[in-house]
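For what it's worth, numbering that gives the first Met the number 0 labels the leading residue of the sequence shown as 0, then goes sequentially.
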Amino acid sequence: MRTAICPGSFDPITLGHLNIIRRTARIFDKVVVLVMYNASKPSPMFTLEERVDQIGRVVARFGNVTVEAHDGLLAEYARKFDEPVIVKGLRASTDFENEFQMAQINKSINPALETMFLTSSEKYTFLSSSMVRELASYGADLSEFVPFEVIEEVERKARQRGR
Ligand code: ADP
């Protein structure tokens, strides 16, 4: 049984993330979407618990995908699996440098850990959670960017936060 871990901050989950999760779920027996705290993104739109709840509703459509939160090192979390594989999406060359470095560091902490990359679908190459937050702050239509299960919450939170 081979498990893939799809880590990220998912603040909020976008259709770009969902595209990577769906494709990973076709390749691996099981997928864990791992919601992580990101110190370089200090004031998140949603709490870890809110994000786990949102993603749980979105991935309920797949039979082999679960969601967990982890407030620590990814390489340490991965120790609970025999042959862990991290699957990440690559949008453009701008993602590469950072992802390459993270894959190397993770492997040095946990040598059993492999990292694989799926290239973003063309449609989602320019989509990011930060772009969604920005669009939401202007009251834009999010239906092309965010899974329908979470659109209302993103809109509500954006109204509360203001611009
Ligand atoms: P972001 O970089 O948007 O804040 P995350 O930290 O939540 O997103 O990203 C988690 C993973 O999802 C990363 O591997 C990232 O490259 C990937 N990802 C994010 N948006 C997309 C997208 N539009 N297409 C493909 N992969 C994506």
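Using N, Cα and C, we set each Cβ at its ideal position, and we do this for glycine too.
Counting only runs of at least 4 residues, the segment 8 to 66 fully encloses the following alpha helix (DSSP H) elements, listed from N- to C-terminal order: 14 to 26 and 47 to 58. For ALA77, the number of other beta carbons within 10 angstroms of its own is at least 16, and it is reported as buried. Scanning its chain for C-beta atoms nearer than 8 Å, with the 5 sequence neighbours on each side dropped, one finds around GLU154 the residues ALA135, GLY138 and LEU141, in chain order. In chain order, PHE95, GLU98, PHE116, LEU117, THR118 and SER119 place their CB closer than 8 Å to the CB of LEU89, counting only its own chain and leaving out the 5 sequence neighbours on each side. With contacts defined by Cβ atoms closer than 7 Å, ALA3 and VAL86 form a contacting pair. In its chain, beyond the 5 residues on either side, PHE9 and VAL34 have a beta carbon closer than 6 Å to the beta carbon of ARG50. Per the DSSP secondary-structure output, ILE4 pairs in a beta bridge with VAL31 and ILE85. Just measuring C-alpha positions, the residue of GLN53, ALA68 and PHE45 sitting nearest VAL31 is ALA68. For VAL58, same chain residues with a beta-carbon under 6 Å away, outside a window of 5 residues either side, are VAL64 in chain order. Under the DSSP assignment, PHE95 falls in the alpha helix (DSSP H) whose first and last residues are 92 to 108.
Note that the C-beta distance between VAL145 and THR23 is not below 7 Å. A residue is called buried once 16 or more other Cβ atoms fall within 10 Å of its Cβ, and GLN53 is buried on that count. According to the DSSP assignment, PHE147 belongs to the alpha helix (DSSP H) that extends over 147 to 160. If the five residues before and after GLU113 are omitted, its C-beta is found closer than 6 Å to the C-beta atoms of VAL84, all from its own chain and listed in chain order.
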